[in-house]
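One structure is given below, encoded as structure tokens.
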Amino acid sequence: MPAPVPTARKTAASGRKFLGRLPLPERTYLADALRAETVGGVLLLIAAVAALIWANTPLSGSYEAVRDFHAGPGALGLDLSVQHWAADGLLAVFFFVAGIELKRELVAGELRDPKAAALPVIAALSGMVMPALIYVLVNSLGGGSLGGWAVPVATDIAFALAVLAVIGTSLPSALRAFLLTLAVVDDLFAILIIAVFFTGELNFAALGGAFLGLALFWLLQRKEVRGWYVYVPLALVIWGLMYNSGVHATIAGVAMGLMLRCVRREHEDRSPGERIEHLVRPLSAGLAVPLFALFSAGVSVSGSALAGVFTRPETLGVVLGLVVGKAVGIFGGTWLAARFTKAELNEDLSWPDVLALAALAGIGFTVSLLIAELAFTSDPVLTDEVKAAVLAGSLIAAVLATVLLKLRVRTYRALYEEEERDEDQDGVPDVYEQDDPGYHLRMAELYEAKAAEHRARAAERSRLAEHAGPSHDDDDSPA
Numbered sequence: 007m008p009a010p011v012p013t014a015r016k017t018a019a020s021g022r023k024f025l026g027r028l029p030l031p032e033r034t035y036l037a038d039a040l041r042a043e044t045v046g047g048v049l050l051l052i053a054a055v056a057a058l059i060w061a062n063t064p065l066s067g068s069y070e071a072v073r074d075f076h077a078g079p080g081a082l083g084l085d086l087s088v089q090h091w092a093a094d095g096l097l098a099v100f101f102f103v104a105g106i107e108l109k110r111e112l113v114a115g116e117l118r119d120p121k122a123a124a125l126p127v128i129a130a131l132s133g134m135v136m137p138a139l140i141y142v143l144v145n146s147l148g149g150g151s152l153g154g155w156a157v158p159v160a161t162d163i164a165f166a167l168a169v170l171a172v173i174g175t176s177l178p179s180a181l182r183a184f185l186l187t188l189a190v191v192d193d194l195f196a197i198l199i200i201a202v203f204f205t206g207e208l209n210f211a212a213l214g215g216a217f218l219g220l221a222l223f224w225l226l227q228r229k230e231v232r233g234w235y236v237y238v239p240l241a242l243v244i245w246g247l248m249y250n251s252g253v254h255a256t257i258a259g260v261a262m263g264l265m266l267r268c269v270r271r272e273h274e275d276r277s278p279g280e281r282i283e284h285l286v287r288p289l290s291a292g293l294a295v296p297l298f299a300l301f302s303a304g305v306s307v308s309g310s311a312l313a314g315v316f317t318r319p320e321t322l323g324v325v326l327g328l329v330v331g332k333a334v335g336i337f338g339g340t341w342l343a344a345r346f347t348k349a350e351l352n353e354d355l356s357w358p359d360v361l362a363l364a365a366l367a368g369i370g371f372t373v374s375l376l377i378a379e380l381a382f383t384s385d386p387v388l389t390d391e392v393k394a395a396v397l398a399g400s401l402i403a404a405v406l407a408t409v410l411l412k413l414r415v416r417t418y419r420a421l422y423e424e425e426e427r428d429e430d431q432d433g434v435p436d437v438y439e440q441d442d443p444g445y446h447l448r449m450a451e452l453y454e455a456k457a458a459e460h461r462a463r464a465a466e467r468s469r470l471a472e473h474a475g476p477s478h479d480d481d482d483s484p485a
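Residue numbering for the sequence shown is 7 to 485, as defined by this note's numbering.
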């Protein structure tokens, strides 16, 4: 039996609903952004697996040697290990893209309208507070360190999309947009957590220089100065000064991303922010984040290490925070916000879909690994154990989300196919053209052409049948 046709068209003319269909420009932007993130997520998975294999074989010595190899101009305070170059340098590119995403969401995306933004923001905040509370509770009862409370608070959108790609589930655009919005808000508050709680002793001269560099970056943007040869050297100077200031260097990337203009003008197909994001996102998703994973995910996965993940309070708090805290926090926050704001859920979806998405948001990889390094800098052994807990918690969350998503896969496939259908082949999905008379005229011409084709075929078959004459097999009467 064919899958039922979704009822998405019913809401085309009505107002936006929670998890309702996105406007076409937002859907187009989302598709482009998530396509790059999905490819990057697959590379991220490959890099993480490669790191685990490299670090748990006889080649582990070479892994540590490469990871701990130092390079860079020491006179500038930048004689860093390969691992630190990946965490402080390459992740600045990731956070630069995150800054552009956040700016665009605030001025042109889902977060532009406070009423529409309230629900995903509440859901994201609930999905950060609950994991932190679970971590604090577990470690308070177990006598562990409270320093890692921020480790399980972030969602890794690339890793989550990679899981969707691996299990072959195409979510409708509304669910993908909700997941992306959660991740953007997560990134925002993760950035604030890093800036506030993991800033060392400040070097005010370097910090002042970084602010002057950012002011120059802002001024050049306002004057619409173009040219990578201007901005790349300036960005490197700002990053170096920010690193030496005591503030985590990735904050420089976020700040520059937030300064880009993300509102289109009349003559523009893309704003400067969207154009630069389109250029830099493949570098971030395809190179920066996978290399960070390669040199951060290489932890021991021996039997004793895995047993410790579920017995030590710090690691157990991370696992429970990611698996239970994220799912309960996001689902509970969404349900309560919808109840009190009287938000109407899209009739094509149901609350189990929100639960599946909440479970998927428990995949916290890139930022969680970064915060683990920052939270337990003085204890390398505990750092590796907490990293192993991040990997274990993300894996469990991925498996749980896979089971929940597979239960509804036929519904998602039907909605996705309905959104993608373009029978008149004009490049715009048909579901967005139901109020366009031109669309219906084009479809009428297509169906008339098909009808004429079938009439011609019927006439041809009739003509051939007449020329063939009666069959000899029918003449079986006795002589």
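The C-beta atom is built at its ideal place from N, Cα and C for all residues, glycine as well.
Query: By DSSP, does F1 sit in helix, in strand, or in coil?; Result: Residue 1 falls outside the range modelled here, since the chain spans only 7 to 485, and no answer is possible.
Query: My parser needs the alpha helix (DSSP H) runs of 4 or more residues fully inside the region 145-224; what are they?; Result: 163-173 and 179-203
Query: Among D193, F203, D275 and F316, which has the Cα closest to the Cα of V260?; Result: D193
Query: Can you give me the C-alpha to C-alpha distance between E454 and H460, rounded to a whole angstrom?; Result: 10 Å
Query: What first and last residue would you give for the alpha helix (DSSP H) that runs through I369?; Result: Premise fails: I369 is in no alpha helix (DSSP H) and is neither H nor E.
Query: Identify, in the order they occur along the chain, each residue of the same chain with its Cβ nearer than 8 Å to the Cβ of T13, setting aside the five sequence neighbours on each side.; Result: Legend: pLDDT at T13 = 39, less than 50; position of this residue unreliable, no value from coordinates given.
Query: Ignore the nearest five residues each way along the sequence and tell me which others in G148's own chain have a CB closer than 7 Å to its CB.; Result: P319
Query: Between the alpha carbons of V88 and A212, how many angstroms are there, rounded?; Result: 23 Å
Query: With H, G and I counted as helix, E and B as strand and the rest as coil, what does DSSP make of H76?; Result: strand
Query: Flag this pair as touching only if the region 138-152 and the region 319-329 have three or more C-beta atom pairs under 8 Å; answer yes or no.; Result: yes
Query: Is it true that the CB of I197 sits closer than 9 Å to the CB of G219?; Result: no
Query: DSSP on S87, reduced to helix/strand/coil?; Result: strand
Query: Taking 8 Å as the limit between beta carbons, can you name the residues of its chain near F203, skipping five residues before and five after?; Result: A156
Query: What would DSSP say about L25, mapped onto helix, strand or coil?; Result: coil
Query: Secondary structure at L351, three-state DSSP: helix, strand or coil?; Result: strand
Query: Take M7 and list the residues in its own chain whose beta-carbon comes closer than 7 Å to its own, dropping the five residues that flank it on each side.; Result: With a pLDDT of 40 at M7, under the threshold of 50, the predicted position of this residue should be treated as unreliable, though the coordinate-derived value follows. Around M7: no qualifying Cβ.
Query: Could you tell me if F24 is buried or exposed, where buried requires 16 or more neighbouring beta carbons within 10 angstroms of its beta carbon?; Result: buried
Query: Keeping to the same chain, check which residues put their C-beta closer than 8 Å to that of S302; ignore five residues upstream and five downstream.; Result: A57, Q89, A92, A93, L375, L376, E379 and K393
Query: Please look up how many angstroms separate the CB atoms of I140 and G331, rounded, as I've assumed it's under 8 Å.; Result: 4 Å
Query: Please classify N327 as buried or exposed, where buried requires at least 16 neighbouring CB atoms within 10 angstroms.; Result: Per the sequence shown, the amino acid found at residue 327 is Gly instead of Asn. Buried.
Query: Where does the unbroken alpha helix (DSSP H) through H284 begin, and where does it stop?; Result: P278 to L289
Query: Measuring CB to CB, does F165 end up less than 9 Å from T417?; Result: no
Query: Tell me whether the beta-carbon of V315 lies closer than 9 Å to the beta-carbon of A221.; Result: no
Query: What's the C-alpha gap between R27 and F184?; Result: 11 Å
Query: What separation, rounded to the nearest whole angstrom, lies between the Cα atoms of I336 and K456?; Result: 49 Å
Query: Please state whether DSSP places T317 in a helix, a strand or coil.; Result: coil
Query: Quick check on this structure: which residue in V113, F75 and I52 has the alpha carbon closest to the alpha carbon of C268?; Result: V113
Query: Work out the CA separation of A168 and A258 for me, nearest whole Å.; Result: 28 Å
Query: To the nearest angstrom, how far is the alpha carbon of A138 from that of F195?; Result: 13 Å
Query: For V55, decide whether its Cβ has a neighbour in chain B, counting only Cβ atoms nearer than 9 Å.; Result: Any reference to chain B falls outside this structure, which holds one protein chain only.
Query: Measure the Cβ-Cβ separation of L297 and L96 and say whether it is below 9 Å.; Result: yes
Query: With 16 other CB atoms within 10 Å as the buried threshold, where does F101 fall?; Result: buried
Query: Go ahead and pull the three-state DSSP assignment for T63.; Result: coil
Query: How many angstroms separate the CA atom of P10 from the CA atom of E274?; Result: Confidence at P10 is low in this model, with a pLDDT of 42, below 50, so the placement of that residue is unreliable and no value is reported for it.
Query: In whole angstroms, give me the CA-to-CA distance for S468 and A458.; Result: 15 Å
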